[in-house]
Amino acid sequence: MQKQGGWLNPQSPLWFEQYAEIIAKRFAGKIKNYFTINEPQCFIGLGCGNGEHAPGLKLSAQDNFLAVHNVLLAHGRAVTALRKYGGSDLQIGLAQCGRIMIPQTESVANIEAARRATMDIPDNCFDAVFSVALWSDPIFKGEYPKAYREKFGDLMPKIGEEDMKIISQPIDFYAQNIYNSAWVKADGDGCRKVQYPAGMAKTAIGWPVTPDCMYWCAKFLYENYQKPIIISENGMSAHDTVSLDGKVHDSNRIDFMHRYLLSLRKAADEGVPVIGYFAWTLMDNFEWACGYNDRFGLVYVNFQTQERILKDSAYWYQKITESNGDTL
């Protein structure tokens with residue numbers, strides 16, 4: 006399919022619809038919950054924008070926005086196919102990873118600046134692909150953001166008469182993959198990013214540890230789109246190793262998840278309908294362009310022998326899930 010143009014091929018949404026139909030028919034009555042697409046911002050922005058991830062392309066801004074549109078159409082067509090062939094009582098959405106900004110301090114001005122920055126369309130076309138509104142407004146509001154049309158109108162793809170109707174098929178929740186966020190503060194009528202302090206805690210993959218992002222992510226997304234919230238990915242890459250006692254003691258991952266879950270629970274306690282959380286991930290995985298170098302799992306995998314060892318975090322998370330977070 007990539008040799009036929011991948012997401013630039015106008016037939017690509019139909020390919021995905023056919024795939025969704027096959028899945029729906031095969032698992033009808035067995036599977037009730039679906040994400041149509043995972044992290045479109047990554048596989049378009051990093052796969053087609055800067056070439057970091059497969060298929061390693063560096064497309065023009067115009068082609069990138071065309072790919073965005075075709076992915077959105079693929080999502081909408083998949084929703085239709087799942088509802089038609091997948092049985093009743095389905096819960097359907099997609100898992101995004103757009104830019105979430107958080108206030109450096111909880112002043113009214115900084116909170117409002119972070120809210121605006123989260124929903125803004127950046128001037129840079131590469132950054133724009135990672136914006137929340139570029140993907141979510143068409144799905145939940147049936148139109149591309151006004152700021153996107155004003156800034157990139159000459160680069161936007163041709164929009165078919167039925168396109169926005171297809172894209173905005175009703176879905177049941179807003180799912181977000183989130184690991185960290187940038188800090189911003191008010192700056193006159195706008196805002197500016199704030200540098201992390203020296204010695205800021207980071208995960209093994211080099212990502213900053215910002216637990217508050219869970220609270221503000223759930224809050225901002227629910228305020229703007231009024232859908233129940235699912236955190237569809239969250240976790241950390243750690244320097245996991247098998248100790249002399251044969252176990253994997255990952256106390257840093259436990260602390261990370263504890264802080265992030267408390268932040269998410271704060272949003273829920275304030276009335277945000279948080280209906281799900283997915284720890285990333287069950288087992289150490291193949292992590293995009295990083296391959297097997299980074300370990301995100303609750304279960305340690307020896308990649309040479311395929312042996313599995315439950316890490317301390319797996320036993321900790323077992324207790325958290327059994328109590329639905331009441332033991333946090």
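Every letter in the sequence shown is one number past the one before it in our numbering, and letter 136, counting from 1, is 141. A virtual CB, placed ideally from N, CA and C, is assigned to each residue, including glycine.
Query	Result
On the criterion of 16 or more Cβ atoms from any shown chain inside 10 Å, does residue 69 qualify as buried, or is it exposed?	buried
Do you know how far the Cα of residue 241 is from the Cα of residue 261?	7 Å
Taking residue 45 as the reference, give the member of 204, 228, 12 and 164 with the closest Cα.	12
Taking the straight line between their C-alpha atoms, what separation do you get for residue 272 and residue 331?	15 Å
Per the DSSP calculation, residue 199 is bridged to which residue(s)?	188
Between the region 248-266 and the region 154-168, can you find at least three pairs of beta-carbon atoms closer than 8 Å?	no
Can you give the Cα-Cα distance for residue 52 and residue 39, rounded to whole angstroms?	23 Å
With three or more beta-carbon pairs closer than 8 Å as the criterion, would you say the region 204-219 touches the region 121-132?	no
Tell me whether residue 65 is buried or exposed, calling it buried when 16 or more other Cβ atoms sit within 10 Å of its Cβ.	exposed
Alpha carbon to alpha carbon, how far is residue 135 from residue 183? Give it in angstroms, no decimals.	13 Å
Grab the span of the alpha helix (DSSP H) containing residue 73 for me, first residue to last.	66-90
Roughly how many angstroms lie between the CA atoms of residue 268 and residue 308, to the nearest whole one?	34 Å
Could you check whether the region 228-239 touches the region 281-296, counting it as contact only if at least three pairs of C-beta atoms, one from each stretch, sit closer than 8 Å?	yes
For the alpha helix (DSSP H) containing residue 312, name the first residue and the last one.	Run containing residue 312: none; DSSP gives neither H nor E here.
Going straight from the alpha carbon of residue 320 to that of residue 196, what length do you get?	42 Å
Who pairs with residue 149 in a beta bridge, going by DSSP?	DSSP, once it has assigned bridges, lists no residue as partnering residue 149.
Going by Cα to Cα distance, which pick from 251, 285 and 220 is closest to residue 107?	220
Can you give the Cα-Cα distance for residue 26 and residue 19, rounded to whole angstroms?	10 Å
How far does the alpha helix (DSSP H) with residue 113 in it reach, from first residue to last?	113-124
From this set, 168, 256 and 207, which residue's C-alpha is nearest residue 15's C-alpha?	168
Over what stretch of residues does the alpha helix (DSSP H) that includes residue 99 continue unbroken?	Where residue 99 is concerned, there is no enclosing alpha helix (DSSP H), although the beta strand (DSSP E) it sits in stretches over 96-101.
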